[in-house]
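Some notes on the structure that comes next.
In this note's numbering, the protein residues as written are 562 to 653.
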């Protein structure tokens with residue numbers, strides 16, 4: 562026959578295992594979120610660079626005026642600066 566102490570051991574062991582599993586899942590979720598954010602930022606950076614190269618190509622070929630090129634590049638840079646500012650966490 563099992564004593565009450567033995568049942569407590571199994572209950573505490575099960576609880577400890579469940580807590581460890583939950584802790585590991587939480588860590589995995591945090592890593593996945595971090596990775597996802599890094600991938601989004603990399604994708605945005607690539608898109609920004611691609612757009613800048615395309616604007617430069619159009620300007621070199623004379624398909625857009627120099628003034629339009631400069632204005633669109635300035636807007637592109639402003640947009641990149643805005644995004645960087647928005648993603649920076651608040652510091653005390």
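Glycine residues also receive a C-beta, built at the ideal position from the N, C-alpha and C atoms.
In this text the structure is predicted, and so the values were computed from the model without any measurement.
Check, Outcome
"Count the C-beta pairs between the stretch 600-617 and the stretch 627-635 that are closer than 8 Å, then say yes if the count reaches three, no if not.", "yes"
"Straight-line CA distance for residue 608 to residue 621?", "20 Å"
"Assign residue 619 to one of three DSSP states: helix, strand, or coil.", "helix"
"In its own chain, which residues sit with a C-beta less than 7 Å from the C-beta of residue 597, not counting the 5 before and 5 after it?", "none"
"May I ask you to report which of helix, strand or coil DSSP gives residue 607?", "helix"
"Quick check: residue 616 and residue 637, are their CB atoms within less than 9 Å of each other?", "yes"
"Helix, strand or coil for residue 625 per DSSP?", "coil"
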